[in-house]
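To start, the structure under review is shown below, and the notes come after it.
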Amino acid sequence: MVRFLLIISMAYIIDTTLRDGEQAPGIVFTTDERKRIAEMLVKTGVDEIEAGMPIVGDEEIAFLRWCCDLPLPVSCWCRAHVNDIEAAKCTGLSIVHISFPVSDRLLSVFNKDVVWLSEAMESMFELCQNDFERVHIGFMDASRADPFFVKQLLDRAAAIGYRRARIADSAGVMMPSDVIHACALFSASSIPVEFHPHNDFGMASANGITALDHGIDAVSATVLGIGERAGNARIEELAMVLSTRGGTGRHPFDMNAIEKLSRYVAKIGRRPIPVDRPIVGKHVFSHESGIHVAATIKDPEAFLPLLPEKYGIGRVEIKTGRLSGSKGIQYVLRNMSVEIDLATAHSLLPMIRRIAEEKGRNLDPSEVEAIYHEYIINMQSV
Numbered sequence: 001m002v003r004f005l006l007i008i009s010m011a012y013i014i015d016t017t018l019r020d021g022e023q024a025p026g027i028v029f030t031t032d033e034r035k036r037i038a039e040m041l042v043k044t045g046v047d048e049i050e051a052g053m054p055i056v057g058d059e060e061i062a063f064l065r066w067c068c069d070l071p072l073p074v075s076c077w078c079r080a081h082v083n084d085i086e087a088a089k090c091t092g093l094s095i096v097h098i099s100f101p102v103s104d105r106l107l108s109v110f111n112k113d114v115v116w117l118s119e120a121m122e123s124m125f126e127l128c129q130n131d132f133e134r135v136h137i138g139f140m141d142a143s144r145a146d147p148f149f150v151k152q153l154l155d156r157a158a159a160i161g162y163r164r165a166r167i168a169d170s171a172g173v174m175m176p177s178d179v180i181h182a183c184a185l186f187s188a189s190s191i192p193v194e195f196h197p198h199n200d201f202g203m204a205s206a207n208g209i210t211a212l213d214h215g216i217d218a219v220s221a222t223v224l225g226i227g228e229r230a231g232n233a234r235i236e237e238l239a240m241v242l243s244t245r246g247g248t249g250r251h252p253f254d255m256n257a258i259e260k261l262s263r264y265v266a267k268i269g270r271r272p273i274p275v276d277r278p279i280v281g282k283h284v285f286s287h288e289s290g291i292h293v294a295a296t297i298k299d300p301e302a303f304l305p306l307l308p309e310k311y312g313i314g315r316v317e318i319k320t321g322r323l324s325g326s327k328g329i330q331y332v333l334r335n336m337s338v339e340i341d342l343a344t345a346h347s348l349l350p351m352i353r354r355i356a357e358e359k360g361r362n363l364d365p366s367e368v369e370a371i372y373h374e375y376i377i378n379m380q381s382v
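Per the UniProt record's numbering, residue 1 is the first one in the sequence shown, and the count goes up by one each step.
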């Protein structure tokens with residue numbers, strides 16, 4: 001734990017919701033929606049925004065020009081094409097990111113080879129160096145390339161003058177153990193290294209935290225993890241892990257702002273948040289089963305990793321259903337200003353369980369109160 005706290009205490013988080021996130025099939029943000037996302041991102045505590053691809057067209061360039069006034073570093077993403085770079089120059093941004101395929105598979109797909117790669121790394125930098133304060137390089141599909149070849153590329157990128165290099169797990173194939181081995185090789189590079197995980201095997205956020213824990217300088221992620229295929233690492237998960245385990249980044253994360261942004265992106269992206277989604281799901285701080293509820297009443301953190309109230313992301317809730325116990329029923333009714341003893345609560349359980357089964361859901365507190373009053377009436381008529 002101590003090592004974890006020390007290494008990630010200055011974690012650098014890059015949000016790419018407006019670039020990689022919007023590449024998710026079926027998600028299209030309007031310009032006004034993109035501006036609102038950018039403004040909301042500023043309040044979350046992320047360190048940098050990757051805001052789009054200039055080659056998309058004039059409307060994209062206009063939006064990126066608008067982003068120049070944001071109080072955070074903002075970058076744009078380009079392919080290693082002259083036209084992409086020329087479009088980026090029209091944005092007024094000070095940071096440009098240029099992505100190169102580096103695996104044998106992608107070099108073959110794009111009809112390129114390592115000679116082209118070496119020459120293009122230099123020529124693209126020369127094309128940018130007088131128009132941008134920082135030129136970053138991305139190694140697409142680095143996780144399926146020879147790691148020692150990637151290390152050579154990192155060293156060459158540093159020698160050319162690139163200011164940061166992105167190691168992209170483009171196909172989402174890495175496991176945390178793979179990340180640890182990669183970090184051992186890459187974190188000692190003479191250029192700051194960013195890790196860009198994808199979520200095809202559900203490992204993106206875990207891989208991102210692992211990378212930070214093992215010496216990588218930065219991780220990129222998106223709100224709700226939206227993105228290509230299964231998506232990316234989730235900003236809300238990275239931010240909460242860093243907030244609760246000592247690494248708050250260069251700016252403290254505002255989890256309430258992140259939750260609001262998550263709900264906004266879910267709404268405009270037409271991607272409902274699953275109720276059990278970590279951090280932002282509706283039910284992730286709720287308990288129903290008797291054992292958990294009894295412990296939670298005594299100590300709210302008994303079965304939780306954090307108190308949501310502390311971070312402004314909701315509150316601990318006690319639900320009533322088929323698996324409820326007497327203490328849970330007593331607690332719910334007490335919050336309705338109805339005081340009962342445990343024996344009475346125990347007597348209510350059969351009715352509560354039957355009705356919960358019939359309805360196929362948890363019961364609202366008002367329904368529990370109604371069951372109690374029905375029980376009292378029945379007892380008085382006996």
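Virtual Cβ for every residue (Gly too), placed ideally from N, Cα, C. Source: prediction; values computed, not measured.
In terms of Cβ geometry, Ala11 and Leu212 form a close pair [threshold 8 Å]. Taken through DSSP and simplified to helix, strand or coil, Leu185 comes out as helix.
Counting along the chain, the unbroken beta strand (DSSP E) around Cys76 starts and ends at 74 to 79. Within the segment 25 to 109, complete alpha helix (DSSP H) segments of at least 4 residues are found at 31 to 44, 58 to 67, 82 to 89, 104 to 109, given in chain order. Shown here, Phe148 sits in a helix according to DSSP, grouped into three states. For Asn232, the secondary structure class from DSSP, reduced to helix, strand or coil, is strand. Contact between the segment 186 to 204 and the segment 154 to 164 is present: three or more C-beta pairs spanning the two stretches fall below 8 Å. Per DSSP, Met10 lies in no alpha helix (DSSP H) and is assigned neither H nor E. In this structure Cys68 is exposed. Its beta-carbon is surrounded by fewer than 16 other beta-carbon atoms within 10 angstroms. Straight-line spacing of the CA atoms in Leu242 and Val56 works out to 34 Å. Listed as beta-bridge partners of Phe139 by DSSP are Phe100, Ile167. In the DSSP assignment, Phe195 is bridged to Ile167, Val219. For the pair Met175 and Met203, the CB atoms are nearer than the 8 Å cut-off. Annotation: the continuous alpha helix (DSSP H) that includes Gln380 extends over 365 to 381. Here Ile318 carries a strand assignment [DSSP, helix/strand/coil]. Counting C-beta atoms within 10 angstroms of its own C-beta, Met379 has fewer than 16 neighbours from the protein chains shown and is therefore classed as exposed.
Under the criterion of beta carbons closer than 8 Å, Val135 and Ile98 qualify as touching, at roughly 7 Å.
In terms of CA proximity to Leu224, Ile258 leads the group Ser108, Leu127, Ser75, Ile258.
Collapsing the DSSP output to three states places Arg134 in a strand.
In the DSSP assignment, Pro308 falls within the alpha helix (DSSP H) that extends over 308 to 311. Cys183 is positioned such that its CB atom lies closer than 8 Å to that of Gly215. Residue state for Ser347 is assigned as helix, using DSSP reduced to three classes. Three or more Cβ pairs closer than 8 Å define a contact, and the segment 27 to 46 meets that threshold against the segment 260 to 275. Taking 8 Å as the cut-off, the beta carbon of Asn199 is found no closer than this to the beta carbon of Ala159. Taking all protein chains shown into account, Pro350 has fewer than 16 neighbouring C-beta atoms within 10 Å of its C-beta and is therefore exposed.
Shown here for Glu339: same chain residues with a beta carbon closer than 8 Å to its own, the five before and five after excluded, namely Leu333 in chain order. Boundaries cannot be given for Lys282, as no alpha helix (DSSP H) includes it and DSSP labels it neither H nor E.
Under the DSSP assignment, Ser205 falls in the alpha helix (DSSP H) whose first and last residues are 204 to 213. Sorting Thr296, Pro101, Phe148, Glu236 by C-alpha distance to the C-alpha of Cys78 places Pro101 at the top. Rounded to whole angstroms, the separation of the alpha carbons of Gly321 and Phe285 is 16 Å.
Taking the C-beta atoms as reference points, Asp47 is found nearer than 8 Å to Ile13. DSSP places Ser326 in the helix class (H, G or I) of the three-state scheme.
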